[in-house]
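J.: Chains as they are written, first to last, in the numbering used here: chain A, 1 to 117; chain B, 118 to 234; chain C, 235 to 351; chain D, 352 to 468; chain E, 469 to 585; chain F, 586 to 702. We put the beta carbon where it would ideally sit given N, CA and C, even for glycine.
What follows is the structure in C-alpha cells.
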C-alpha cells in the first residue's frame, strides 16, 4: 500500500499544478484561500489541521481525510488525539463514517510503519 | 431574539428528556455515547467542542451549530478563535455554509450582548 | 402547534398543485414516479413508508420526515416501531440527526394528542 | 410574505457586512472569490446564476436558492427556464428536493406579483 | 469480482478489529450501539436491515450498501423486495444514486451466482 | 487510463440494461424521467448538461461528473466554459470538491488527447 500513498500524493500534486496552470481566476484564488485558511491565526496550524480532518470525515471524502491525517501527523498530533478526532466524526456523522474510518486507520498504520523504519 | 435562544434551549431540553423517557435502548445508548464523546480524553473538552462546531457547520445543522457555539463560549473559546473555526468550515464546506455562518454570528452577537449586561 | 401542522399540509397541497399546473413534463412525471414508488409492489405500502421515513431522516429534511411520519401512522405503524426507525436513522446518520428527531417526536406527540380527542 | 422577503434581504446584507467587518483574512477573501465567480468569464453571468441555482437546490439550502432565484430573474431568466432548472435539480437530487422546490416557487410567485404591480 | 467481495469482507473485519483494539471508549461504545440497533426490537432484524440499506443508499456509501445487501439476503429479503428498496432510494435520493445502484445490483448478481453454485 | 474510461462506459451501459430488464415500474419510469430531463425544453440540451455537471460536482459523484463532462463535450462546451462550471462547483461546494475536480480534469485531458489523435 506504500505505492498507493505515493500514487495519491503524485496525482494530487500533478493535477493541482495542472489546474493552477489554467487561466481561471476564481479557481486560482480559491486555492489561495484554501492555503491561507490553515496558516497561523487566532488558532495555530495544528488545531486548524484537526478541524480540517474532522470536517473531511463527516463530509466523507477519503482524499481529504488522507491529506489531513498526513498534515496532522506533521503537526505532531498523536495517535490517541487522532482517535479522539475520529470519535467526534463518528458520533456527529454516524455509522456511515465507518468505512472512511477504516481507511483512515489503515493509512495511519502505513504512515507509522514508514516512520518506524 | 433573546427569547428565540431561550425557546431553542427549552425545546431542546424538554424533547431530549421526552426521547430518553422512551424505552428504546439504542437511542438511549446513542445519547450516552454522544455525551461521552465530548468529555476529556487525549483531547480536552475545549478542543472537542471546536471539532463539534466545525463538523456541525459543514453538515449545515443550525441547531447543532448553536449548541456548539454556546459550549465553545463556556470553554473560553474567543471570538477570534470562533471566526478561525468558521473560516475552516467555510472553505471546506463552500458558500453553501454562508447562511449558517450568518445565523451563527447573529447568535454569537446575542450571547456577547447578554454577557455584557 | 396544531395550526403549524395544518399550515404545513395546506402549503404542501397548494404548492404541489401549483407546480403540477406548470407545463413541465419532467417535473410532472417525477411527481408521478414519486407517487407510484410507495404503492404496493413486492413490499407493501406500510414497509415502503417506513423506508421513506428513514431515508428522509438521514437526509435531514423536516418536511419529508413530517410527511412520512403522518403516512406511517395512517399505515398503522406503532410508536414503538417508529422509535426503532428513529434509532436506525440516528445511528446511521449520527448526532446531526438529533434536532430532526426532536421535531419528529414533537409532531408524533401532536398527532397522538389529536387522535386521543 | 412580502415582508419575509425583505427580512431575508435585510438580514443577509446586515450580517454579511458584520462578517466582513471582522479581521479574518480567509473569510474576507472567500467572500471576494464568491463574488468573482459569478462575473463574466467564458460563461456569462446569466448562465453562471443558473448554475448557482441548480447547485443550491441539490444541496438544499433555502437561502441560497432564494438568492439565486432573485439573481436569475434580474438576469432575465424566464419562468419556463427556471422550471427547467428546477427539473434538473429534482431529478438529480430526488424527492428530498421537493420541499425546497415548493418554497422556491412560492418565492417566484411573490417576485412576479411584485413586478406586476 | 468474487475476490473483490472477499477482499472487502476481509478488510472490513480486520480493520474493525484493529479499531476496537484501540483504547477509545466513545468509538468502542459507538460500535456497540451500531450492533444493538439492528437486533430485534419492535421491528424485526429483517425490517431493520432493509431500513439500513435504504439509508445507506440515499447517503451514497458503497461499503455500507454492500454490507446491508449481504445482510438483507441473509434475512431472506427477495430480489424483488430489494429492487423495491432500491426504487425508494432512487426516488428519494435522485439520479445521483444511480452509480451506487449499478454497483449494488452487480454485487447482488455476484451473491446470487455464488448461491447457485 | 483510456481503458478506465472504456471500462466505466461498458459497466455503465451493461448495468443500466440489467436494471431496466427488471420488472420494477418505479425504477423504469425514473430512468425515463432522467432521460427526458435533459431533452430540449425552455433550455437547450447544452445548458441542461452544464446544469447536470455542476449539480453532480457539488454532490460529489465521480461517475455522474464523468458522464456529464462527456455529454458537455459532445454538446460543444469548451474547456474554458468547463472550468467556469468547475469554479461555480468549487465555490458553492467548497474544498471538499477538489479531489473530484482533479479527477474531472484528468478525464478531460484524456478526452482531449483522444480527440487529438
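So what's residue 312 of chain C in DSSP terms, helix, strand or just coil?
T.: Against the third chain, residue 312 of chain C aligns to sequence position 78. Residue state, collapsed to three classes: coil.
J.: Between which two residues does the alpha helix (DSSP H) harbouring residue 108 of chain A extend?
T.: Mapped onto the first chain, residue 108 of chain A falls at position 108. Its alpha helix (DSSP H) spans residues 98 to 116.
J.: Are the C-beta of residue 366 of chain D and some C-beta of chain F separated by less than 8 angstroms?
T.: Taking the fourth chain and counting its residues from 1, the one referred to as residue 366 of chain D is at position 15. Answer no: the Cβ-Cβ gap between residue 366 of chain D and chain F never drops below 8 angstroms.
J.: Expressed to the nearest angstrom, what Euclidean distance is found between the alpha-carbon atoms of residue 352 of chain D and residue 238 of chain C?
T.: Here residue 352 of chain D is taken as the residue at index 1 of the fourth chain, counted from 1. Here residue 238 of chain C is taken as the residue at index 4 of the third chain, counted from 1. Its pLDDT being 46, under 50, residue 352 of chain D is placed unreliably in this model, and the coordinates cannot settle the point.
J.: Any C-beta of chain A sitting closer than 8 angstroms to the C-beta of residue 330 of chain C?
T.: For the purposes of this step, residue 330 of chain C is identified with residue 96 of the third chain, where counting begins at 1. True, the Cβ-Cβ gap to chain A drops below 8 angstroms.
J.: Does any residue of chain E have a CB that is nearer than 8 angstroms to the CB of residue 102 of chain A?
T.: As a working note, residue 102 of chain A is residue 102 in the first chain. Closer than 8 angstroms to some Cβ of chain E, the Cβ of residue 102 of chain A qualifies, so yes.
J.: Alpha carbons only, please: which of C/249, C/324, C/242, C/244 is nearest the one belonging to residue 457 of chain D?
T.: Here residue 457 of chain D is taken as the residue at index 106 of the fourth chain, counted from 1. With distances taken between Cα atoms, residue 457 of chain D lies closest to C/249.
J.: Inspect the beta-carbon positions of residue 258 of chain C and residue 438 of chain D and report whether they are closer than 8 angstroms.
T.: Translated into the one-based positions of the third chain, residue 258 of chain C becomes position 24. Translated into the one-based positions of the fourth chain, residue 438 of chain D becomes position 87. Going by C-beta atoms, residue 258 of chain C is nearer than 8 angstroms to residue 438 of chain D.
J.: Indicate the three-state DSSP secondary structure (helix, strand or coil) for residue 168 of chain B in the structure shown.
T.: Mapped onto the second chain, residue 168 of chain B falls at position 51. Looking at residue 168 of chain B - three-state DSSP - the assignment turns out to be helix.
J.: Can you tell which of D/396, D/406, D/446 has the C-alpha that lies nearest to the C-alpha of residue 427 of chain D?
T.: One-based indexing of the fourth chain puts residue 427 of chain D at position 76. Considering only alpha carbons, the answer is D/396.
J.: Are any of the Cβ atoms in chain E nearer than 8 angstroms to that of residue 615 of chain F?
T.: Taking the sixth chain and counting its residues from 1, the one referred to as residue 615 of chain F is at position 30. Yes - at least one Cβ of chain E is within 8 angstroms of the one on residue 615 of chain F.
J.: Between residue 212 of chain B and residue 677 of chain F, which are expected to be in contact by the criterion C-beta below 8 angstroms, what is the C-beta distance as a whole number of angstroms?
T.: Translated into positions along the second chain, residue 212 of chain B becomes position 95. Translated into positions along the sixth chain, residue 677 of chain F becomes position 92. The pair is a contact, with the Cβ atoms about 5 angstroms apart (cut-off 8 angstroms).
J.: Pairing CB atoms from the region 23 to 41 of chain A with CB atoms from the region 149 to 160 of chain B, are three or more of them under 8 angstroms?
T.: No, because fewer than three Cβ pairs between the region 23 to 41 of chain A and the region 149 to 160 of chain B fall closer than 8 angstroms, the two stretches do not touch.
J.: Could one say the Cβ of residue 118 of chain B lies closer than 8 angstroms to chain A's Cβ atoms, at least one of them?
T.: For the purposes of this step, residue 118 of chain B is taken as residue 1 along the second chain, with counting starting at 1. Per-residue confidence for residue 118 of chain B stands at a pLDDT of 45, beneath the threshold of 50, marking its modelled position as unreliable; the derived number appears in the next sentence. Chain A, which has no Cβ nearer than 8 angstroms to the Cβ of residue 118 of chain B, makes this no.
J.: Nearest-angstrom Cα distance between residue 635 of chain F and residue 436 of chain D?
T.: By one-based count along the sixth chain, residue 635 of chain F stands at place 50. By one-based count along the fourth chain, residue 436 of chain D stands at place 85. Roughly 11 angstroms separates the two Cα atoms.
J.: Buried or exposed, going by whether 16 or more other CB atoms sit within 10 Å of the CB of residue 683 of chain F?
T.: Here residue 683 of chain F refers to the residue found at position 98 when the sixth chain is read from its first residue. Per the 10 Å Cβ criterion, buried.
J.: Just to confirm my understanding: we take residue 451 of chain D, look at its own chain, exclude 5 residues before and 5 after, and list those with CB closer than 7 angstroms. What are they?
T.: Here residue 451 of chain D corresponds to residue number 100 of the fourth chain, with the count starting at 1. If we look at residue 451 of chain D and ignore the five residues flanking it on each side, its Cβ neighbours are 408, 411, 413, 416.
J.: Taking the alpha-carbon positions, what's the residue 496 of chain E to residue 196 of chain B distance?
T.: Stepping through the fifth chain from its first residue, residue 496 of chain E is reached at position 28. Stepping through the second chain from its first residue, residue 196 of chain B is reached at position 79. Between residue 496 of chain E and residue 196 of chain B, the C-alpha separation is close to 34 angstroms.
J.: Does the beta carbon of residue 54 of chain A sit closer than 8 angstroms to a beta carbon anywhere in chain C?
T.: For the purposes of this step, residue 54 of chain A is taken as residue 54 along the first chain, with counting starting at 1. Taking Cβ atoms only, chain C never reaches closer than 8 angstroms to residue 54 of chain A, which makes this a no.
J.: For the alpha helix (DSSP H) that contains residue 619 of chain F, what are its first and last residues?
T.: Start at 1 with the first residue of the sixth chain, and residue 619 of chain F comes out as number 34. Counting along the chain, the alpha helix (DSSP H) containing residue 619 of chain F begins and ends at 610 to 622.
J.: So, is residue 20 of chain A buried or exposed, given that buried needs 16 or more other C-beta atoms within 10 angstroms?
T.: Taking the first residue of the first chain as 1, we reach residue 20 of chain A at position 20. The residue in question, residue 20 of chain A, is exposed, as its Cβ has fewer than 16 Cβ neighbours within 10 Å.
J.: Out of C/305, C/323, C/324, state which residue places its alpha-carbon closest to the alpha-carbon of residue 342 of chain C.
T.: As a first step, residue 342 of chain C must be located in the third chain, where it is residue number 108. Nearest of C/305, C/323, C/324 to residue 342 of chain C, Cα basis: C/305.
J.: Just to confirm before moving on: does the CB-CB distance between residue 640 of chain F and residue 373 of chain D stay below 8 angstroms?
T.: Taking the sixth chain and counting its residues from 1, one reaches residue 640 of chain F at position 55. Taking the fourth chain and counting its residues from 1, one reaches residue 373 of chain D at position 22. In this structure, residue 373 of chain D does not lie closer than 8 angstroms to residue 640 of chain F by Cβ.
J.: Looking at residue 632 of chain F and residue 260 of chain C, is the spacing between their C-beta atoms short of 8 angstroms?
T.: Position 26 of the third chain, counted from the first residue, corresponds to residue 260 of chain C. Position 47 of the sixth chain, counted from the first residue, corresponds to residue 632 of chain F. No, Cβ-Cβ distance for residue 260 of chain C and residue 632 of chain F is not below 8 angstroms.
J.: According to DSSP, is residue 118 of chain B helix, strand or coil?
T.: Taking the first residue of the second chain as position 1, residue 118 of chain B is located at position 1. For residue 118 of chain B, the pLDDT reaches just 45, beneath the cut-off of 50, and the residue's location in the model is therefore unreliable, although a value from the coordinates is still provided. Here residue 118 of chain B sits in coil by DSSP.
J.: Are the Cβ atoms of residue 12 of chain A and residue 687 of chain F separated by less than 8 angstroms?
T.: Mapped onto the first chain, residue 12 of chain A falls at position 12. Mapped onto the sixth chain, residue 687 of chain F falls at position 102. For residue 12 of chain A and residue 687 of chain F, yes; Cβs fall inside 8 angstroms.
J.: Using a C-beta to C-beta distance shorter than 7 angstroms, which residues of chain E count as neighbours of residue 153 of chain B?
T.: On the second chain, residue 153 of chain B is found 36 positions in, with the first residue counted as 1. 493, 494, 497, listed in chain order.
J.: Exposed or buried, residue 557 of chain E, counting other C-beta atoms within 10 Å across all chains shown (16 or more means buried)?
T.: For the purposes of this step, residue 557 of chain E is taken as the residue at position 89 of the fifth chain. The residue in question, residue 557 of chain E, is buried, as its Cβ has 16 or more Cβ neighbours within 10 Å.
J.: Consult DSSP for residue 607 of chain F and reduce its assignment to one of helix, strand or coil.
T.: The sequence position of residue 607 of chain F within the sixth chain is 22, counting from 1. If DSSP states are grouped into helix, strand and coil, residue 607 of chain F belongs with coil.
J.: Which of helix, strand or coil does DSSP assign to residue 673 of chain F?
T.: What you label residue 673 of chain F is simply residue 88 of the sixth chain in a count that begins at 1. Helix, per DSSP.
J.: For residue 228 of chain B versus residue 191 of chain B, is the C-beta spacing smaller than 8 angstroms?
T.: Walking along the second chain from the start, residue 228 of chain B turns up at place 111. Walking along the second chain from the start, residue 191 of chain B turns up at place 74. No; because the gap between Cβ atoms is not below 8 angstroms, this pair is not in contact.
J.: Does any residue of chain E have a CB that is nearer than 8 angstroms to the CB of residue 83 of chain A?
T.: Within the first chain, numbered from 1, the residue matching residue 83 of chain A stands at position 83. Chain E contact via Cβ: present.
J.: Counting only beta-carbon atoms, is residue 93 of chain A nearer than 8 angstroms to chain C?
T.: Position 93 of the first chain, counted from the first residue, corresponds to residue 93 of chain A. Yes, its Cβ sits closer than 8 angstroms to a Cβ of chain C.
J.: Measure the C-alpha to C-alpha separation of residue 286 of chain C and residue 386 of chain D and round it to an integer number of angstroms.
T.: Reading the third chain from its first residue, position 52 is the one you call residue 286 of chain C. Reading the fourth chain from its first residue, position 35 is the one you call residue 386 of chain D. Cα to Cα, residue 286 of chain C sits roughly 38 angstroms from residue 386 of chain D.
J.: Against residue 69 of chain A, what residues of chain D qualify as contacts under a CB-to-CB distance less than 8 angstroms, listed in chain order?
T.: As a working mapping, residue 69 of chain A is identified with position 69 in the first chain. Ordered by position in chain D, no residue passes the 8 angstroms Cβ test against residue 69 of chain A, which lies about 22 angstroms from the chain.
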